[in-house]
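Below is one structure, written out as structure tokens; comments come after it.
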Amino acid sequence: GQQLNQSPQSMFIQEGEDVSMNCTSSSIFNTWLWYKQDPGEGPVLLIALYKAGELTSNGRLTAQFGITRKDSFLNISASIPSDVGIYFCAGQLDLAGGTSYGKLTFGQGTILTVHP
Amino acid sequence: ETGVTQTPRHLVMGMTNKKSLKCEQHLGHNAMYWYKQSAKKPLELMFVYSLEERVENNSVPSRFSPECPNSSHLFLHLHTLQPEDSALYLCASSHGLSYEQYFGPGTRLTVT
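If you read the protein sequences in the order shown, they are chains L and U.
Counting with the numbering used here, you get residues 1 to 116 for the letters of the first sequence.
Counting with the numbering used here, you get residues 117 to 228 for the letters of the second sequence.
Shown next as structure tokens:
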């Protein structure tokens, strides 16, 4: 199946630092989504991207849909302790000739730890 | 209640038991999903329902049986599970087959 390579696998940063993580694939994706998952909870949608080159912000979060449609990155500025969690990218591969029934492919996640 | 709710939050069952997981969405969505989340693995899509019809069955063993009686409720019936089925089972919903899926908190399943 399709794979998304998400990096880094984990990050340990100081409060106030900026964070950058990315997802890459050998396949072309039509949609990129970024989710955050807190311990014991389900993933929460942060940002959705639908067009190549699109740059979207949500508060301190900024995400971009790579121009090649094979990658996306997520930046978090001025990190705070509540940014701790696992960040997942997810993409949708547009299958030729029809719908893909909302089928998302997920990355392995980036574990973010923020030290006060 | 708001968003997507799942019950129970935790479940321990033996391999010979039969149990069911329940999901309810309060978002007015009409598509619902079951995912499996295992340690150190990406989320795996199991089933997709759109307008109460199953549109995707991602090669899931028959010991997992989904049911979608209406657009707000989704069940996952479990029987004769294996220890490797232990995982977090997540339900999600969306407006149509949108890629903006909203997740519930999950059911942590342990098979002994």
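All C-beta atoms, glycine included, are put in the ideal place defined by N, C-alpha and C.
Just so you know, these numbers come straight off a predicted model, no measurement behind them.
Exclusion of the five residues before and after residue 135 (chain U) leaves 127, 129, 194 as the residues of its chain whose Cβ lies within less than 7 Å of its Cβ. Judged by DSSP in its simplified three-state form, residue 81 (chain L) adopts helix. At a cut-off of 8 Å between C-beta atoms, residue 144 (chain U) does not count as an interface residue with respect to chain L. At least 8 Å separates the CB of residue 130 (chain U) from every CB of chain L.
The stretch 167-175 of chain U and the stretch 184-192 of chain U touch, with no fewer than 3 CB-CB distances between them shorter than 8 Å.
Of all residues in the stretch 199-216 of chain U, only 204, 206, 207, 208, 210, 212, 213, 214, 215, 216 place a beta-carbon less than 9 Å from a beta-carbon of chain L. For residue 47 (chain L), the enclosing beta strand (DSSP E) covers residues 44-49.
DSSP, read as helix, strand or coil, puts residue 201 (chain U) in helix. Using a CB distance cut-off of 8 Å, residue 225 (chain U) does not count as an interface residue toward chain L. In chain order, 102 make up the part of chain L whose C-beta sits under 7 Å from the C-beta of residue 147 (chain U). Annotated three-state conformation of residue 110 (chain L) is strand, per DSSP. Scanning chain U for C-beta atoms nearer than 8 Å to the C-beta of residue 48 (chain L) yields 215, 216, reported in chain order.
Residue 15 (chain L) has a beta carbon lying at 8 Å or more from every beta carbon in chain U.
The contact set of residue 43 (chain L) on chain U, defined by CB atoms closer than 8 Å, consists of 159, 206, 219 in chain order.
It is roughly 13 Å from the alpha-carbon of residue 49 (chain L) to the alpha-carbon of residue 23 (chain L). Within its own chain, the residues whose Cβ lies closer than 6 Å to the Cβ of residue 211 (chain U), once the five positions on either side in sequence are excluded, are 145, listed in chain order. When the Cα atoms are used, residue 223 (chain U) and residue 150 (chain U) turn out to be separated by approximately 11 Å. Residue 56 (chain L) carries a strand assignment under DSSP once its states are collapsed to helix, strand and coil.
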